[in-house]
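Note sheet for the following structure.
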Amino acid sequence: MIPKWESICNVAAYMHDFSASMLYTGYLDDPRNTDNAWVEAEVWNFHFDVGDTFDLTFSQVRSFDVHLYNYE
1 MIPKWESICN VAAYMHDFSA SMLYTGYLDD PRNTDNAWVE AEVWNFHFDV
51 GDTFDLTFSQ VRSFDVHLYN YE
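Per our numbering, the very first residue in the sequence shown carries number 1; after that it's consecutive.
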C-alpha cells in the first residue's frame, strides 16, 4: 500500500461504514513510457457511508494526490 494512504486508513479505522479495495495495480499505458522506464499505478476504491462525519474527518487530510468525490 502507498504510504500516503496509511493516514486515511488510520483516520477511517474507527468507522464502521468504511471499505477499501484495490481495483488495479501495475503497468499504466502512458505516452511517457519507454523501453527502460514506465509508469505504474495503484487504483483504490474507498467507500464511506458515514454522512456528515465524512466532511469533518477528511478536512484534515492534506495531500495533492487525494481526490475525494461526494455523490449525493
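From the three backbone atoms N, C-alpha and C, an ideal C-beta is built for every residue, glycine too. All values reported here derive from a predicted model rather than from experimental measurement.
- In the structure shown, A37 adopts coil according to DSSP, grouped into three states.
- Going by C-alpha positions, V43 is about 9 Å away from G26.
- The beta carbon of R32 is closer than 7 Å to those of V39 in its chain, skipping five residues each way along the sequence.
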